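Structure record follows, encoded as C-alpha cells.
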Amino acid sequence: DGEFNYRIAQKGCGFVVVPGAIILHHRPARFVSHVGRMYKYGIATARIFKKHPSILRIRWYALPPVFLVLGSIFLGVVGMIFPFAWILLFIGLGAYAALILLTMIQVTLRSSNWRSIYVLLLLPVQHVVYALGFLRALIL
Numbered sequence: 039d040g041e042f043n044y045r046i047a048q049k050g051c052g053f054v055v056v057p058g059a060i061i062l063h064h065r066p067a068r069f070v071s072h073v074g075r076m077y078k079y080g081i082a083t084a085r086i087f088k089k090h091p092s093i094l095r096i097r098w099y100a101l102p103p104v105f106l107v108l109g110s111i112f113l114g115v116v117g118m119i120f121p122f123a124w125i126l127l128f129i130g131l132g133a134y135a136a137l138i139l140l141t142m143i144q145v146t147l148r149s150s151n152w153r154s155i156y157v158l159l160l161l162p163v164q165h166v167v168y169a170l171g172f173l174r175a176l177i178l
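Just so we're aligned: the sequence shown equals residues 39 to 178 in the working numbering.
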C-alpha cells in the first residue's frame, strides 16, 4: 500500500479523506504469525526504500526500530571498551521501555481490556523483528 500510494502521489494525484470510513485489518490469531508478518513488513519496507529512497521523507516512522536495534548493538559492543556506553544504552532502553509502558496504558484505557498488558511484550518483539527484516533486505 505504501509504495502504491507513493507512486500515485509522485504522479501528482491527490487523496480523498473520508472521516467516517472504517478500515479493517486482518490480525493474525497467533503471536508467531504476527511476528512473521512483522519480519516480512521489514523486508518489504527495505525493498521499497531501495527502489524509492525519498519515500522515507514520508514514511520516516519506518526507521526508529532499525536505529533502536543498531544503536543497542553498537552501544553494547562499544561498552566492552568504554563502559560509559553501557550507561547510554541503559538510558536509551529505559526511555524506550517508558514509551512502551505509556502505550500500554493508553491502549488499556481506550479498550478497557486487561489483555492490553500484552502490548508490553508485543511491541518490543514487533520492533526488533521488523528491524531485523529491514536490515536483512537492506544488506542482501
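Using N, Cα and C, we set each Cβ at its ideal position, and we do this for glycine too. All figures in this text were calculated on a predicted structure; none of them were measured in a lab.
A distance below 6 angstroms between beta-carbons, with the five flanking residues on each side excluded, links Phe69 to no residue of its chain. The C-alpha of Phe112 is placed about 21 angstroms away from the C-alpha of Ala136.
A direct Cα-Cα distance of roughly 32 angstroms separates Thr146 from Asn43. Val167 is the residue among Val167, Ile177, Leu173, Phe172 whose C-alpha sits nearest the C-alpha of His72. In the structure shown, Val163 falls within a helical segment according to DSSP collapsed to helix, strand and coil.
Leu158 sits close to Met142, with the two beta carbons spaced by under 8 angstroms. When secondary structure is reduced to three states using DSSP, Asn43 falls in the helix class.
Inclusion of His165 and Leu127 in the CB contact set at 8 angstroms is not warranted, their separation being larger than that value.
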